[in-house]
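Quick notes on the structure that follows.
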Amino acid sequence: MISHVPASDDFLWQVTKKHNAFTRASTSGHGARFSAEPGNVTAEVSFRASGLANAKTIDIREHDGGKGKPAATCDGKKLCGSFKSQAGEVKIAAKARPDLEKAALARISAINKAGRVKCAA
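For the sequence shown, the UniProt record's numbering assigns the number 121 to the last residue and increments by one with no breaks.
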């Protein structure tokens with residue numbers, strides 16, 4: 001049984017750009033649209049940032065690290081330690097998508113500034 005059919009990134013973007021389960025509309029009335037899809041570090045609805053339409057993505061998420069402490073992951077790997085070590089892990093993951101490295105570092109920085117990331121034990 002085939003679970004997915006290979007298709008080009010451009011075709012997948014044309015199919016999913018207007019309607020998918022991850023698109024969120026702004027409630028402020030300005031008509032802004034955001035994306036909550038896995039692999040989209042900028043939350044913008046665009047081909048460049050899409051985690052669905054691109055074969056290579058950088059996925060940074062917050063999750064429950066256990067014992068009520070939140071933690072972060074980058075492409076499935078837990079990030080802990082100092083910000084410098086976390087930024088190094090993100091730079092390694094961003095070698096596949098150098099155009100998203102700055103956005104990924106900004107996301108890790110925002111998570112750290114919020115004080116939500118502690119070492120995931």
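From the three backbone atoms N, C-alpha and C, an ideal C-beta is built for every residue, glycine too.
Report the residue from the options whose alpha carbon sits nearest the alpha carbon of residue i.
i: Ala-96; options: Ile-111, Asn-112, Gly-39; result: Gly-39
i: Leu-12; options: Gln-86, Glu-89, Arg-48, Gly-81; result: Arg-48
i: Ser-26; options: Ile-92, Ala-43, Gln-14, Ala-7; result: Ala-43
i: Lys-56; options: Ala-110, Phe-83, Lys-102, Ala-93; result: Ala-93
Using 7 Å as the threshold, is the C-beta distance between residue i and residue j below it?
i: Ile-60; j: Val-41; result: yes
i: Glu-89; j: Leu-105; result: no
What is the DSSP secondary structure of residue i, reduced to helix, strand or coil?
i: Ile-60; result: strand
i: Arg-107; result: helix
i: Ile-87; result: The question names Ile, but residue 87 is Ala in the sequence shown. DSSP places Ala-87 in helix when its eight states are reduced to three.
i: Ile-73; result: As written in the sequence, residue 73 is Thr, which differs from the Ile given in the question. Three-state DSSP puts Thr-73 in a strand.
i: Phe-11; result: helix
i: Glu-44; result: strand
i: Ala-25; result: strand
i: Lys-17; result: coil
i: Lys-78; result: strand
Cutting at 7 Å between CB atoms, please list the residues of its own chain near residue i, excluding the five before and the five after it.
i: Thr-16; result: Leu-52, Ala-53
Looking at residue i and the ligand COA, is the gap between the Cβ and the nearest heavy atom below 6 Å?
i: Gly-88; result: Of ligands this structure carries none, so the ligand COA is not represented either.
Tell me whether the segment 23 to 39 and the segment 48 to 57 touch, counting them as touching only if at least three CB pairs, one residue from each stretch, are closer than 8 Å. yes
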